[in-house]
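Undergrad: Residue 11 is where the sequence shown starts when you use our numbering, and the numbers rise one by one after that. Backbone N, C-alpha and C define an ideal beta-carbon position, used for all residues, glycine too. Quick one: structure below, then a few questions.
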Amino acid sequence: MNYADAAELERFLKAYPDTQVLELLMPDISGILRAKRIHRSEFSRLFDGTFLTPRSAPLLGARGDWYDEIPLSELGGDPDQIILPVSGTLAPAPWYDSPVAQVMVAYTQDNGELDWVDPRQPLENVLARYHADGLSATVATELEFYLLANIDDRRPMPLKGNIPGTNLEQQGIQYCMADDLFDCDAFLNDVRIASELQGVPLTTLHGEFSPGQWEINTLHQADAAVAGTHALLLRRIVKGVARKHGYGATFMAKPFGELAGSGMHIHASVYDKEGTNVFADPDPAEPPRLMPRLRHAVGGLGRLLDESMLCFAPHANSYRRFRAGALAPSGKSWGYDHREVALRIPRSTEHNRRIEHRVAGAEANPYLVLAAVLAGMHYGLQSAIDPGEPVPRDADLSEDETTLPARVDKAIELFAGSEILPGYFGEEFVRIYTAIRQGESNAYHAEVPDLDYAWYLRAL
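Written as structure tokens, this is what we have:
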């Protein structure tokens with residue numbers, strides 16, 4: 011990982027001389043950007059490598075809680091940790107009224123190497139395995155999210171368009187509705203502007219398969235860590251711009267029981283030192299022949315899917331997305347150009363032949379999602395794992411009941427007992443991530459929700 015230096019800061023301040031405040035974006039293990047603001051007089055301290063923060067800061071649950079399940083001995087007394095600015099991420103935050111800039115930071119050891127508490131470390135470990143084998147991975151993310159109407163109600167509602175000339179709400183799903191682009195043009199344009207300012211390259215944006223739901227795709231990257239950073243920054247951009255326009259945005263996996271959940275799809279291909287796609291058929295055909303190394307990578311993904319599920323679906327709500335007819339994968343199926351499978355081989359040129367991993371929720375930590383996907387592919391390539399036969403293109407999987415882990419506690423158990431992932435992620439990280447997710451699950455299930463009263467209070 012490359013870090014920004016004083017020269018990069020100087021160039022930025024020449025371009026944006028009015029900047030008075032800098033937000034230090036600290037990604038935590040849950041994929042949430044924690045942040046500190048520093049004033050201009052403190053900028054140089056960050057870029058000189060003398061800015062400190064507690065080592066425990068990234069080890070928080072979704073509510074920002076510290077859980078007793080985390081063994082303090084793993085942190086060595088919770089010392090202060092050096093945080094360094096990541097090169098290429100210093101940029102304006104244009105949704106603020108004041109002149110604010112932001113920069114991603116990394117938790118490092120004294121020698122500048124990433125510390126294991128940094129959520130990028132598992133991904134860096136996996137990428138090192140690829141490099142050692144003379145391989146590289148190119149990846150991209152697709153993120154789904156909901157815009158939320160600004161209403162006076164405790165329960166959220168998706169933002170729906172009005173029928174022009176009336177106060178009537180638009181009804182129905184209206185996938186890729188052109189009028190939605192018109193209604194949300196100012197928001198979408200500000201997302202584009204902010205993404206360009208922050209170096210997050212976007213490709214396609216469209217309305218999704220539920221009212222108020224959108225999908226934004228990012229450009230493929232030869233560095234998976236950069237792709238993960240783009241995904242985190244894009245989530246922040248969408249939320250910040252939405253607030254500027256008077257409504258909300260959420261990447262929560264399943265905010266509405268009756269509507270589709272939001273996913274994070276990963277597109278991944280693998281290249282050798284000569285730049286040849288190892289999945290490609292040297293004699294292209296349509297439909298394509300699914301070559302042995304492609305099949306092996308799919309086989310590895312299927313083999314590690316259960317034990318990786320905690321990376322793809324880290325919270326209790328994540329599992330509401332996986333049920334029959336919910337537009338989410340129901341098992342370890344794979345196939346060519348089939349949108350109901352977990353592991354899809356999209357139509358493409360042979361040079362761009364890739365796997366689309368469709369399991370993760372939009373709320374997941376993109377660094378861990380990418381680490382788990384690339385670890386599965388690497389394991390399959392190294393072990394020549396047979397994935398079995400692909401699903402026929404005309405197969406209907408829409409009403410299949412899920413065979414994936416159905417609850418977060420099962421995913422925690424499988425992740426904790428993994429035999430393969432610790433070799434990629436690091437044993438310390440696996441122990442701590444397990445403890446955080448277990449602590450969050452314990453706290454979640456200790457609450458008594460309104461649903462319990464509605465179902466049981468009178469009847470029992």
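Just mark N375 as buried or exposed, buried being the case when its beta carbon has 16 or more other beta carbons within 10 Å.
TA: buried
Undergrad: So M319 and P415 are in contact, right, with Cβ under 8 Å, and what is the actual spacing, rounded?
TA: 5 Å
Undergrad: For W465, is the classification buried or exposed, using 16 other Cβ atoms within 10 angstroms of its Cβ as the cut-off for buried?
TA: exposed
Undergrad: Going by CA-CA distance only, name the one from K46, D58, E52 that's closest to P68.
TA: K46
Undergrad: Please name the residue in Q184, E296, M274 whose C-alpha comes closest to that of E366.
TA: The option with the nearest alpha carbon to E366 is M274.
Undergrad: I'd like to check one pair, V251 with V201: are the Cβ atoms closer than 8 Å?
TA: yes
Undergrad: If you draw a straight line from the alpha carbon of G222 to that of N121, how long is it in whole angstroms?
TA: 47 Å
Undergrad: Does the stretch 230-243 come into contact with the stretch 377-386, if we say contact requires no fewer than three beta-carbon pairs (one atom in each stretch) closer than 8 Å?
TA: yes
Undergrad: If you draw a straight line from the C-alpha of G209 to the C-alpha of T99, how long is it?
TA: 7 Å
Undergrad: Nearest-angstrom Cα distance between T213 and E152?
TA: The straight-line gap from Cα to Cα measures roughly 10 Å.
Undergrad: At which residue ranges does the stretch 258-338 contain complete alpha helix (DSSP H) runs of 4 or more residues, listed in the order of the chain?
TA: 302-322
Undergrad: Taking the straight line between their C-alpha atoms, what separation do you get for A469 and P459?
TA: In this structure, the CA atom of A469 is about 16 Å from the CA atom of P459.
Undergrad: What is the rounded straight-line gap between the Cα of A6 and the Cα of E18?
TA: Outside the displayed range of the chain (11 to 470) lies residue 6, so it cannot be described from this structure.
Undergrad: Could you name the residues that DSSP lists as bridge partners for N172?
TA: E179
Undergrad: For the putative contact between I478 and L34, defined by C-beta atoms under 8 Å, what is the C-beta separation to the nearest angstrom?
TA: The chain is shown from 11 up to 470; residue 478 falls before or after that span and cannot be answered.
Undergrad: Verify whether the separation of the beta carbon atoms of S343 and A352 is less than 8 Å.
TA: yes
Undergrad: Helix, strand or coil: which one does DSSP assign to T99?
TA: coil
Undergrad: Flag this pair as yes or no: are the beta carbons of G345 and P400 separated by less than 8 Å?
TA: yes
Undergrad: Is the stretch 446-460 touching the stretch 130-147 in the sense that three or more CB pairs, one from each, lie closer than 8 Å?
TA: no
Undergrad: Which value, in whole angstroms, describes the spacing of the CA atoms of R164 and E268?
TA: C-alpha separation (whole angstroms): 17 Å.
Undergrad: Quick one, are the C-beta atoms of A405 and Y77 less than 8 Å apart?
TA: Not in contact: A405 and Y77 (Cβ atoms no closer than 8 Å).
Undergrad: Starting from E206, trace the beta strand (DSSP E) in both directions and tell me its first and last residue.
TA: Not the beta strand (DSSP E): E206 falls in the alpha helix (DSSP H), residues 195-207.
Undergrad: Below 8 Å, can you find three or more Cβ-Cβ pairs linking the stretch 255-266 to the stretch 324-331?
TA: Segments in contact, yes.
Undergrad: Excluding the five sequence neighbours on either side, which residues of its own chain have a C-beta within less than 7 Å of the C-beta of A138, listed in chain order?
TA: none
Undergrad: By DSSP's criteria, R47 is part of a beta bridge. Which residues make up the other side?
TA: Answer is E33.
Undergrad: With respect to the alpha helix (DSSP H) encompassing M387, which residues constitute its N-terminal and C-terminal limits?
TA: 376-393
Undergrad: If you count every other CB in all the chains shown that lies within 10 Å of the CB of G256, and 16 or more means buried, which is it?
TA: Its Cβ having fewer than 16 others within 10 Å, G256 is exposed.
Undergrad: For P104, which residues from the same chain have a beta carbon less than 8 Å from its beta carbon, with the 5 sequence-adjacent residues on both sides left out?
TA: D200, I203, A204, L207
Undergrad: Distance check for L304 and V288, CA to CA, integer angstroms please.
TA: 7 Å
Undergrad: Which same chain residues, not among the five before or five after D190, have their C-beta less than 6 Å away from its C-beta?
TA: G171, G217
Undergrad: When you compare each of H348, M187, T228 to L407 by their alpha carbons, which one comes out closest?
TA: H348 is the residue among H348, M187, T228 whose C-alpha sits nearest the C-alpha of L407.
Undergrad: For F219, tell me which candidate among D75, Y463, F155, Q392 has the shortest Cα-Cα distance.
TA: F155
Undergrad: Please state whether the Cβ-Cβ distance between G421 and L314 is less than 8 Å.
TA: According to the sequence displayed, residue 421 carries Ala and not Gly. Contact: no.
Undergrad: Got a sec, what are the start and stop residues for the alpha helix (DSSP H) N452 sits in?
TA: 437-456
Undergrad: Please say whether G310 and S393 have beta carbons closer to each other than 8 Å?
TA: yes
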